[in-house]
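In the working numbering, the protein residues as written are 1 to 211. Don't be surprised by glycine CBs; every beta carbon is placed ideally from N, CA and C. Note that the structure is predicted; figures quoted are calculated from it, not measured.
The structure is reproduced here in structure tokens:
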């Protein structure tokens, strides 16, 4: 598969998955059809738009390419049409968010490299692409952002972006490196939800003692 086409497909796949999470969260809050569509689009394209502004890809693909809007609206239709099935998932919003995160971490990091930025910038923008839409969703719906909760979330996106950037810098094939990053980051996120894995927390000395 052509490299450009591959990463466009990865970006659109992440858009669809994140739009599913946004539409599901909006439906749970009983928003009307316009509200569901607006939240789904902002969640799906928000992180990518922030990334494109940072790297100078103007106008952002999420605003200039009709396929991103189409993918988001298709996710809205799918969510509303299959909502009784969606709600059977234990954590539907986090499940779809985890799927999109892997695609966006890899695609975001690759696009930053493609625009001539160094490895550090590419990794950071890969993480921004992966978590930016989720933060917008949670802020709009008055939820505590997942990135601020005690879960393996941004760190999973960071790992996926590192694999993508490291693989490209080492000259590994772009036919399989992106998939490795996606599988590792998405797998880690889903396993952390399944088994309750969390990053270690550090309690200040004496925090549990009474004065």
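Here's the rule: buried if 16 or more other CB atoms are within 10 angstroms of the residue's CB, otherwise exposed. What is residue i?
i, result
"residue 116", "exposed"
"residue 27", "buried"
"residue 139", "exposed"
"residue 34", "exposed"
"residue 154", "buried"
"residue 162", "buried"
"residue 168", "buried"
"residue 173", "exposed"
"residue 177", "buried"
"residue 71", "buried"
"residue 144", "exposed"
"residue 24", "buried"
"residue 77", "exposed"
"residue 123", "buried"
"residue 87", "exposed"
Give the straight-line distance between the Cα atoms of residue i and residue j, rounded to the nearest whole angstrom.
i, j, result
"residue 211", "residue 92", "Per-residue confidence for residue 211 stands at a pLDDT of 41, beneath the threshold of 50, marking its modelled position as unreliable; the derived number appears in the next sentence. Residue 211 and residue 92: Cα-Cα distance of roughly 44 Å."
"residue 146", "residue 6", "29 Å"
"residue 130", "residue 170", "23 Å"
"residue 188", "residue 56", "31 Å"
"residue 209", "residue 201", "In this prediction, residue 209 has a pLDDT of 47, which is less than 50 and means its spatial position is unreliable; what the coordinates show is noted afterwards. Taking the straight line from one Cα to the other gives about 17 Å."
"residue 156", "residue 48", "18 Å"
"residue 197", "residue 165", "26 Å"
"residue 148", "residue 126", "18 Å"
"residue 82", "residue 60", "31 Å"
"residue 216", "residue 180", "The structure shown has nothing for residue 216, since the chain only spans 1 to 211."
"residue 32", "residue 20", "16 Å"
"residue 195", "residue 89", "15 Å"
"residue 41", "residue 94", "17 Å"
"residue 4", "residue 158", "22 Å"
"residue 120", "residue 114", "13 Å"
For the alpha helix (DSSP H) that contains residue i, what are its first and last residues?
i, result
"residue 183", "177-195"
"residue 62", "61-64"
"residue 201", "Careful: residue 201 lies outside any alpha helix (DSSP H) and carries neither H nor E."
"residue 21", "3-28"
"residue 174", "Careful: residue 174 lies outside any alpha helix (DSSP H) and carries neither H nor E."
"residue 220", "There is simply no residue 220 to check, as the chain begins at 1 and stops at 211 in what is shown."
"residue 144", "From DSSP, residue 144 is part of no alpha helix (DSSP H); its letter is neither H nor E."
"residue 94", "92-114"
"residue 86", "83-86"
With C-beta atoms as the reference, is residue i less than 8 Å away from residue j?
i, j, result
"residue 137", "residue 43", "yes"
"residue 50", "residue 132", "yes"
"residue 128", "residue 108", "yes"
"residue 151", "residue 192", "yes"
"residue 104", "residue 14", "yes"
"residue 100", "residue 73", "no"
"residue 182", "residue 62", "no"
"residue 16", "residue 75", "yes"
"residue 141", "residue 67", "no"
"residue 106", "residue 10", "yes"
"residue 65", "residue 58", "no"
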